[in-house]
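Presented below is the structure to which this report refers.
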Amino acid sequence: MLNDAFSLSKQELVLLFTLDGRPFTIKVIAKFHAGFLLFENTPYSKGSNALACFENFYGHKVKGVEPHLYNRSFAIQFDNGAQLIFKCYDALINVIALENGEVSDVFRESIQNDWTYDEAEFSVADQHIIARLDAVSICEGTFYVYKNAGGYYLALNKTNDELVLQTNDAPEASSVFARYQLNVATFQQAKISRIATLEGELKKYRQQIKLSEQSIKQLVHESPFEETGHLIMANLHVLKTGMKEAELFNFYTGKNIKVKLKQDLSAADNAAYYYRKAKNKKIELEQMEQKLLSMRQKLVKHEELLQQVQQAENSKQLKPLQLSKKQQEVFPFKKFTFQGFEIWVGKNAANNDLLTQKYSHKNDLWLHAKGVTGSHTVIKHKAGKPFTNDIITYAAQIAAHYSKNKGNALAAVTYTLKKFVRKPKGSEPGQVVIDRQDVVMVEPKIS
Numbered sequence: 438m439l440n441d442a443f444s445l446s447k448q449e450l451v452l453l454f455t456l457d458g459r460p461f462t463i464k465v466i467a468k469f470h471a472g473f474l475l476f477e478n479t480p481y482s483k484g485s486n487a488l489a490c491f492e493n494f495y496g497h498k499v500k501g502v503e504p505h506l507y508n509r510s511f512a513i514q515f516d517n518g519a520q521l522i523f524k525c526y527d528a529l530i531n532v533i534a535l536e537n538g539e540v541s542d543v544f545r546e547s548i549q550n551d552w553t554y555d556e557a558e559f560s561v562a563d564q565h566i567i568a569r570l571d572a573v574s575i576c577e578g579t580f581y582v583y584k585n586a587g588g589y590y591l592a593l594n595k596t597n598d599e600l601v602l603q604t605n606d607a608p609e610a611s612s613v614f615a616r617y618q619l620n621v622a623t624f625q626q627a628k629i630s631r632i633a634t635l636e637g638e639l640k641k642y643r644q645q646i647k648l649s650e651q652s653i654k655q656l657v658h659e660s661p662f663e664e665t666g667h668l669i670m671a672n673l674h675v676l677k678t679g680m681k682e683a684e685l686f687n688f689y690t691g692k693n694i695k696v697k698l699k700q701d702l703s704a705a706d707n708a709a710y711y712y713r714k715a716k717n718k719k720i721e722l723e724q725m726e727q728k729l730l731s732m733r734q735k736l737v738k739h740e741e742l743l744q745q746v747q748q749a750e751n752s753k754q755l756k757p758l759q760l761s762k763k764q765q766e767v768f769p770f771k772k773f774t775f776q777g778f779e780i781w782v783g784k785n786a787a788n789n790d791l792l793t794q795k796y797s798h799k800n801d802l803w804l805h806a807k808g809v810t811g812s813h814t815v816i817k818h819k820a821g822k823p824f825t826n827d828i829i830t831y832a833a834q835i836a837a838h839y840s841k842n843k844g845n846a847l848a849a850v851t852y853t854l855k856k857f858v859r860k861p862k863g864s865e866p867g868q869v870v871i872d873r874q875d876v877v878m879v880e881p882k883i884s
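The opening position of the sequence shown corresponds to residue 438 in the working numbering, with each subsequent residue numbered one higher.
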């Protein structure tokens, strides 16, 4: 019997069953452009961030499991005739709910093709494909997990790679493979990300070092301010207050030089001004050289760290190779709370797309001012807690406030579940298509 089903993210689905009086869990994970199935016989603790899925199936008994011959899919059949179809298509792994011959819900809703059910998809009729698959030499009823240079893989026959597991239990083989390969993929992605971050830092430091070296060179080759002060002091008798410039003989070079003067200062004060500049230049030069030294030290440190990361072969070796500077992610939307619900509001057209396409769950309630431009607004779904009229009205008032209808006494606001909101290919930022909707009239305001 299916007791519960929920997603922990757009990448992970958990199905909680009871099998012979004991807990039985199926996890579906879509990560790293691949799909994984894990089977567990231990109790599962449901977190507060869980979002309910396939609620119509709760409490129904499993009638059987039907594998689809010559296809990477199978169906769990329930006593009411409904099915959960598992499409194990690598990066396109998905679970779809089939009721009365139609798709009623989808785990990964972004895979648009899975909203349409085609029975022929699960029946391979091509005799050429069937013949090729039948020709593969397999050890029937035995499953293998192997390790090679690229990671881990499942097999139905013996190979020359390192054997990790041999079992007659398909769920065990799938679970062991998933755990090992997820660890490898997590490490590889973390390593790639760390390398990219370090290479970005190195590029930044090299640019800063180049600019600092140019600035120091320019400062060093400027006319020495102290010498200019000496020239002014040697010509006090010819320099008068009010002069902007004077041509003086430079006894350091044996040539005449034009010296800029401040009109409101006397000759002696102009000399003092250049002496101060000479002192400041020395301090500035020392500071620039110290900064350059610090950047060069950081460059060397990051180069060493990059080399260590590149040589890391597992997560244990990679873990201590952390950058000291932590970057905090700023929450990208306006946020409100009401009666325990969170309401997220987009800031502009591009931000609306980010909210609706990347940060919203299919069971979130989506709102938008009807017929005018405005912010996408989302009430975040809470498992077992319905959207009441009060929360819908409150969020609609916010949606109307952040729209062109802000100044109206009343405004119409569309609302629907996020799963009924689509973004057509090639559409403008913020533009969407709504398949089902309701409308509420509210006063635009923020309470």
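Note that the Cβ used here is the ideal one computed from N, Cα and C, for glycine as well.
Please read all numbers here as calculations on a predicted model, not as lab measurements.
- For the pair I533 and R459, the Cα-to-Cα distance works out to about 25 Å.
- Residues M438, N440 and F461 of the same chain have their beta carbon placed closer than 8 Å to that of T455, with the five preceding and five following residues left out of the count.
- Here the C-alpha atom of G637 lies approximately 41 Å from the C-alpha atom of F523.
- For R873, the three-state secondary structure derived from DSSP is coil.
- Non-local beta-carbon contacts of D542 in its own chain, meaning distances under 6 Å to residues more than five positions away in sequence, involve F491 and A534 in chain order.
- In this structure, V869 places its C-beta atom within 8 Å of the C-beta atom of T793.
- In this chain, the alpha helix (DSSP H) harbouring V621 covers A607 to V657.
- A residue is called buried when at least 16 other Cβ atoms come within 10 angstroms of its Cβ; N531 meets this threshold and is buried.
- Rounded to the nearest angstrom, the Cβ distance from T853 to I835 is 16 Å, too far for a contact under 8 Å.
- Secondary structure remark: continuous beta strand (DSSP E) runs of at least 3 residues inside the segment 481 to 505, in chain order: 499 to 504.
- For A471, the uninterrupted beta strand (DSSP E) run begins and ends at A471 to E477, by DSSP.
- The three-state secondary structure of Y507, taken from DSSP, is coil.
- With 16 or more neighbouring CB atoms inside 10 Å of its own CB, H838 falls in the buried class.
- With 16 or more other Cβ atoms from the protein chains shown falling within 10 Å of its own Cβ, Y711 counts as buried.
- For H805, the enclosing beta strand (DSSP E) stretches over residues L802 to A806.
- Assignment of beta-bridge partners to F580 by DSSP yields T604.
- Two segments are said to touch when three or more pairs of C-beta atoms, one from each, lie closer than 8 Å; by this definition the segment 712 to 719 does not touch the segment 597 to 617.
- Taking each of L758, G496, A683 and G666 in turn and checking the Cα distance to S630, the smallest one comes out for L758.
- A distance below 7 Å between beta-carbons, with the five flanking residues on each side excluded, links E503 to the following residues of its chain, in chain order: F511, A512 and Q514.
- Taking C-alpha positions only, A592 is separated from S612 by approximately 13 Å.
- Shortest Cα-Cα distance from E740 to any of K640, V850, S884 and Y831 involves K640.
- If you draw a straight line from the Cα of R616 to the Cα of K862, it comes to about 36 Å.
- Using a Cβ-Cβ distance cut-off of 8 Å, the segment 816 to 825 and the segment 765 to 780 are in contact, since at least three pairs of beta carbons, one from each stretch, lie closer than that value.
- Around the beta carbon of T665, a 10 Å sphere encloses 16 or more other beta carbons of the protein chains shown; the residue is thus reported as buried.
- Ranked by Cα distance from Q618, the options K584, F443, Q645 and E723 are led by K584.
- For P769, the CB contacts under 7 Å within the same chain, skipping 5 residues up- and downstream, are N788 and L791 in chain order.
- DSSP lists G472 as the bridge partner or partners of A467.
- Sixteen is the threshold: when 16 or more other Cβ atoms of the shown chains lie within 10 Å of the Cβ of R545, as they do, the residue is buried.
- Your pair L452 and A442 checks out as a contact, with CB atoms roughly 5 Å apart and the cut at 8 Å.
- Here the C-alpha atom of L743 lies approximately 54 Å from the C-alpha atom of K498.
- Nearest to L702 by C-alpha distance, out of T678, A709 and N693, is T678.
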